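Q: Submitted below is the structure of interest, expressed as structure tokens.
Protein chains in written order, with the working numbering: chain A, 1219 to 1654; chain B, 1219 to 1654.
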């Protein structure tokens, strides 16, 4: 196949992000798939609206059916939301033998059974990684990565708006209404925030997660749903004092008497990893009987994180229609002829900050000598702590953090320190990484 | 196809775990794949050794070539480790057109290029999810879930032994040698711990991760590797005082001048999620240009966590050879005819602990009345805090944590409390989940 051609319905935040990611990473994606993946046709309600993406190479229309009906389009990406028009268009695409990628959790949680049945009938794929957890590949983890397991339970922070509000209430000791208003100003919450703060959005997502975890029918109506609007800052504070955090969780659990499906504010022990997932970030814990607890963390919303999941689905579809089953995913993730011997950076040129610990004689001029060596080599000190000497000892321990420097600068500093006669024993050096 | 038949090489910890998971979850796995996946032939060095699994249904042999050559075997699972015999057997299986699943990071990091080329030539799959991060589906996340991204960097705690040692050094203020000895007693560290504590095992895993993140050739020899043997408990303590944790990280980073590949002890800010990954658990952070930072967490070793990854690969292979590309992964993860309408538990029967907050009149007998209602309904109190009343106020705030109870018990308690005349206003109730 020469290329996999995409028809895009919706050019809003996620649609724009999808155009941007597919354009910017076209080469990287082709290295993975073995052929180009490109958007050739797109529909938007208003063609004159300013966009976050360049649509120069794409045929635009206000009629989404034109895109669905375009015979050159192999895959339809549905990003218009809602569940009336979206459903019509998805079913129309399937009827024409087109694969579908959708980020529409409401549509799939409520009408997924009919859509998936139609797709099966017609032999096409309907992929929906972007419907839950933004860019986190949680659908893939559940359907494939954990396929060996009988899932016992899963619990997720699956609504970024709610988590942003609860995090700000805790960090800043503010009230719900106050933080909600800020979230609306920042664009993290809709003008009508009901879907997010009342847990309906989370219930849509939980429906999909529970279904693929346990192999049960989609059961959105059965999800118990309670919002976070009645959480007060007192509750947040008292929970903290007791060693807990309040998070808005979607929980699905297998019990001997039946499956639990529930979305509600929840106190969880502060030492749990998921209790430390803050702001608009999402995370899902899945407990499998073989693997034990696993956690998946990432941005739950936003143009490019969500586009990351949409495009991962497109790569999946493209690989399925473009490769043999055995070569679908190349062993090393990239096509064998696309493996590129990029230069490897010698360790001497690697940059990192440093932690240094040394024992020095406790006398005047020592710090001056050390800091002048650092200054000579243009190494900045981030922090320096001098530990009180033990009574009767003439050596003090000095602990330093440097700013980021090249490895060879630090090697030179070490060589210079080696010539000093007031440093006792070896200097301990450990790299520091901020991972941001 | 009637069933996918597995030949297993090695019946040690992971081999035994694989037998146990495939046996226990046979029905769940068949619901996902659409046909049984079963081990029919297995090789072990010593057939009389006691095992963690029941091998009653499996033909056993001491000659692994017998398993590889068995014409009824479709997939070979290589779990014998090392890189001499293992390589011969893997290449022999490929030459016979058999798919291979391996957990052998040393083999693949050093000889993967030849093995993957042979597999490509012969049109078979070589899957290796279990080689990195135990049960965490990190290979799948990188090769598929994040396929839209240009990966900027990744950093992982990818050796459980090292993380167990560093965690114990911090939590218990102990020395490296002391904790290592304990890890050896517990079976977390080998008699010769070099591979783990000197970072060689982590370097094998980093080699695989970096290759599939960037699409570069396997470059194990180029990985800078530094162990944790020289980390002292003082360093752990001082790092903590400065707001950092010491973790043994494998880091791969794309820089304008080249790719960095390095394994070394590293100070990371304590507030980072990965800084809070403790004990034998593993985690990998992957930063993609579209998705931003994502994190994958789970057990990095152990019989069943590793078996979880081995069996996930088997499911992948079985789906590839048993299904059409379009139906490879069913929409809901399970085969459409295997979706089961399990009973859904009514909310009244859901069990959880509770946080309660109420304002009560500050007078004698109030606590007695409350606690006797709890006692009547068999609700145990885990913690109770009475907040000092504001000067001049006659109401005090009472915060309670209960033990786990049925929702209907709590509803009854609320009804009884409603009849009391010393509770002012509404009672706030929030569920508590321990997530363990």
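Even for Gly, the Cβ is constructed at its ideal location relative to N, Cα and C. Source: prediction; values computed, not measured.
#1: Going along chain A in order, which residues have a C-beta closer than 8 Å to the C-beta of residue 1552(B)?
#2: Between 1234(A), 1407(A) and 1286(A), which has its C-alpha nearest residue 1377(A)'s C-alpha?
#3: Just the Cα atoms here: how many angstroms apart are residue 1509(B) and residue 1364(B)?
#4: So what does DSSP say about residue 1261(B), is it helix, strand or coil?
#5: Can you check which of these residues, 1467(B), 1437(B), 1459(B) and 1491(B), is closest to residue 1444(B) by C-alpha distance?
#6: Residue 1343(A) versus chain B: which residues are under 7 Å apart at the beta carbon?
#7: In chain A, what lies closer than 8 Å to residue 1526(B) by C-beta?
#8: Using a Cβ distance threshold of 8 Å, determine whether the stretch 1320-1332 of chain B contacts the stretch 1378-1393 of chain B, with at least three qualifying pairs required.
#9: For residue 1243(A), decide whether its Cβ has a neighbour in chain B, counting only Cβ atoms nearer than 7 Å.
#10: Exposed or buried, which one is residue 1606(B) when buried takes at least 16 other CB atoms within 10 Å?
#11: Taking the alpha-carbon of residue 1537(A) as reference, which of 1551(A), 1423(A), 1323(A) and 1258(A) has the nearest alpha-carbon?
#12: Hey, could you find the ends of the beta strand (DSSP E) residue 1570(B) is sitting in?
#13: So, does the CB of residue 1319(B) fall closer than 7 Å to a CB anywhere in chain A?
#14: Specify the secondary structure class of residue 1320(A) as computed by DSSP and reduced to three states.
#15: Please report the residue range of the alpha helix (DSSP H) in which residue 1502(B) lies.
#16: With 9 Å as the C-beta to C-beta threshold (strictly closer), list the residues of the stretch 1370-1402 of chain B near chain A in chain order.
#17: Assign residue 1652(A) to buried or exposed, taking buried as 16 or more other Cβ atoms, counted over all protein chains shown, within 10 Å of its Cβ.
#18: Under a three-way DSSP split, which group does residue 1349(B) fall into?
#19: Below 6 Å CB to CB, which residues in the same chain sit around residue 1505(B) once its five sequence neighbours on both sides are set aside?
#20: What three-state label does DSSP hand residue 1647(B) in the structure shown?
#21: Return the chain-ordered ranges of every beta strand (DSSP E) run that is complete within the stretch 1267-1344 of chain A and spans a minimum of 3 residues.
#22: Taking the CB atoms as reference points, tell me whether residue 1226(A) and residue 1235(A) lie closer together than 7 Å.
#23: So which residues of chain B does residue 1437(A) contact, with C-beta pairs closer than 7 Å?
#24: Taking a contact to mean a Cβ-Cβ separation below 7 Å, would you say residue 1578(B) touches residue 1616(B) in this structure?
#25: With 8 Å as the limit, tell me which residues of the stretch 1437-1461 of chain B have their beta carbon closer than that to any beta carbon of chain A; keep them in chain order.
#26: Chain A partners of residue 1602(B), CB-CB under 9 Å?
#27: Which residues in the same chain have their Cβ closer than 8 Å to the Cβ of residue 1656(B), if we skip the five residues on either side of it in sequence?
#28: Helix or strand or just coil, what does DSSP make of residue 1583(B)?
#29: Measuring CA to CA, which of 1517(A), 1621(A), 1454(A) and 1499(A) is closest to residue 1487(A)?
#30: Can you pull the chain B residues whose beta carbon is under 9 Å from the beta carbon of residue 1464(A), in chain order?
#31: Quick one: complete alpha helix (DSSP H) runs, 4+ long, within the stretch 1348-1426 of chain B?
#32: In the structure shown, what three-state DSSP assignment does residue 1223(A) receive?
#33: Using C-beta distances below 7 Å, list every residue in its chain close to residue 1603(B), excluding the 5 sequence neighbours before and after it, in chain order.
#34: Quick one: give me the first and last residue of the beta strand (DSSP E) that residue 1468(B) is part of.
#35: How many whole angstroms separate the CB atoms of residue 1478(B) and residue 1469(B), which I take to be in contact at a CB cut-off of 8 Å?
#36: For residue 1413(B), decide whether its Cβ has a neighbour in chain A, counting only Cβ atoms nearer than 7 Å.
A: So, to answer that:
#1: Chain order gives the chain A residues near residue 1552(B) as 1430 and 1433, where near means a beta carbon separation below 8 Å.
#2: For residue 1377(A), the nearest C-alpha among the options comes from 1407(A).
#3: C-alpha separation (whole angstroms): 8 Å.
#4: Residue 1261(B): strand per DSSP, three-state reduction.
#5: When only C-alpha atoms are compared, the closest one is 1467(B).
#6: Correct list: 1544.
#7: In chain order: 1364, 1366, 1367, 1506, 1508 and 1509.
#8: Note that the stretch 1320-1332 of chain B does not touch the stretch 1378-1393 of chain B; fewer than 3 beta-carbon pairs, one per stretch, sit closer than 8 Å.
#9: Closer than 7 Å to some Cβ of chain B, the Cβ of residue 1243(A) qualifies, so yes.
#10: Exposed, because fewer than 16 other Cβ atoms sit within 10 Å of the Cβ of residue 1606(B).
#11: Measuring C-alpha to C-alpha distances from residue 1537(A) to each of 1551(A), 1423(A), 1323(A) and 1258(A) identifies 1551(A) as the nearest.
#12: Counting along the chain, the unbroken beta strand (DSSP E) around residue 1570(B) starts and ends at 1569-1579.
#13: No, because no Cβ of chain A sits closer than 7 Å to the Cβ of residue 1319(B).
#14: Three-state DSSP puts residue 1320(A) in a strand.
#15: Going by DSSP, residue 1502(B) is part of no alpha helix (DSSP H) but of the beta strand (DSSP E) stretching over 1499-1506.
#16: If you check each beta-carbon in the stretch 1370-1402 of chain B against every beta-carbon of chain A, the ones closer than 9 Å belong to 1371 and 1373.
#17: Residue 1652(A) is exposed by the Cβ-count criterion.
#18: In the structure shown, residue 1349(B) sits in a helix (DSSP, three-state: H, G or I).
#19: Excluding residues within five positions, the ones whose Cβ falls inside 6 Å are 1370, 1371 and 1511.
#20: In the structure shown, residue 1647(B) sits in a strand (DSSP, three-state: E or B).
#21: List check, beta strand (DSSP E) in window: 1277-1279, 1293-1296 and 1317-1320.
#22: Contact annotation: residue 1226(A) and residue 1235(A) have beta-carbon atoms that are not nearer than 7 Å.
#23: Within 7 Å Cβ-Cβ: 1562.
#24: The Cβ atoms of residue 1578(B) and residue 1616(B) sit closer than 7 Å to each other.
#25: In summary, the residues of the stretch 1437-1461 of chain B whose CB is separated from some CB of chain A by less than 8 Å are 1437, 1440, 1442, 1448, 1449, 1450, 1452, 1453, 1456, 1457, 1459 and 1460, in the order they occur in the chain.
#26: Here the premise fails: no neighbours, minimum Cβ distance about 10 Å.
#27: Residue 1656(B) cannot be examined here, being either before or after the span of chain B that is shown, 1219 to 1654.
#28: It is coil, neither helix nor strand.
#29: Of the candidates 1517(A), 1621(A), 1454(A) and 1499(A), the one whose C-alpha sits nearest the C-alpha of residue 1487(A) is 1454(A).
#30: What residue 1464(A) touches in chain B: 1573 and 1648.
#31: Entirely contained in the stretch 1348-1426 of chain B, the alpha helix (DSSP H) runs reaching 4 residues are, in chain order, 1378-1390, 1394-1404 and 1412-1415.
#32: Here residue 1223(A) sits in strand by DSSP.
#33: Answer for residue 1603(B): 1617, listed in chain order.
#34: Element bounds for residue 1468(B): 1462-1473.
#35: Rounded, the Cβ-Cβ distance is 7 Å, consistent with contact.
#36: The beta-carbon of residue 1413(B) is placed no less than 7 Å from the nearest beta-carbon of chain A.
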